[in-house]
Amino acid sequence: MNRRVYRNSLLMKRIALIITVTIITIIALLIFIFPKKIVVNAGDNNRTKTVTSVLIKKGDSLWSIAGQYMTEEYSDRNEYIQEIKECNGLTSDTIHEDQYLIIPHYVEL
Numbered sequence: 001m002n003r004r005v006y007r008n009s010l011l012m013k014r015i016a017l018i019i020t021v022t023i024i025t026i027i028a029l030l031i032f033i034f035p036k037k038i039v040v041n042a043g044d045n046n047r048t049k050t051v052t053s054v055l056i057k058k059g060d061s062l063w064s065i066a067g068q069y070m071t072e073e074y075s076d077r078n079e080y081i082q083e084i085k086e087c088n089g090l091t092s093d094t095i096h097e098d099q100y101l102i103i104p105h106y107v108e109l
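In full-length UniProt numbering, the protein residues as written are 1 to 109.
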């Protein structure tokens with residue numbers, strides 16, 4: 001009897017793990033397949049902080065992406081690159097072709 005209870009317990013744990021991994025995978029795929037812009041209010045001025053999902057192309061670097069999206073709200077490019085890295089959970093400056101990155105930046109309302 002204990003053996004059957006143990007097997008049922010293991011089976012339930014495996015099913016729960018499979019369901020959890022499946023849900024996480026589906027959410028991740030939806031984020032990367034259907035990138036959207038998310039808008040966050042930046043205060044009382046006429047600029048809004050937004051994030052954009054960007055597909056990395058051959059030859060792209062964090063430095064070049066920062067040069068393309070950085071606005072005057074950031075004091076320097078290194079600070080901006082650090083924010084990009086934090087948004088994407090990056091611990092190094094290495095990015096790869098066909099990878100998506102979340103890029104924060106400010107736009108006019």
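Think of the CB as a built atom: it goes at the ideal place given N, C-alpha and C, for glycine as much as any other residue.
Is residue i buried or exposed, if buried means 16 or more other CB atoms sit within 10 Å of its CB?
i, result
"Tyr80", "buried"
"Ala16", "exposed"
"Val51", "buried"
"Ile26", "exposed"
"Ile23", "exposed"
"Ile84", "buried"
"Leu55", "exposed"
Please name the residue or residues paired with residue i in a DSSP beta bridge.
i, result
"Ile102", "Ser53"
So what's residue i in DSSP terms, helix, strand or just coil?
i, result
"Thr48", "strand"
"residue 110", "Nothing can be reported for residue 110: it is not among the residues displayed for the chain, which extend from 1 to 109."
"Ile95", "coil"
"residue 115", "As shown, the chain starts at 1 and ends at 109. That puts residue 115 outside it, with no answer to give."
"Leu90", "coil"
"Ser64", "helix"
"Glu83", "helix"
"Tyr74", "coil"
So, at 8 Å on beta carbons, what are the nonlocal neighbours of residue i in its own chain, with the 5 sequence-adjacent residues on each side left out?
i, result
"Lys57", "Glu97"
"His105", "Lys49, Thr50, Val51, Thr52, Tyr69, Met70 and Thr71"
What residues in its chain sit with their C-beta under 6 Å from that of residue i, if we drop five residues either side in the sequence?
i, result
"Asp93", "Leu62"
"Ser9", "none"
"Glu73", "Tyr106"
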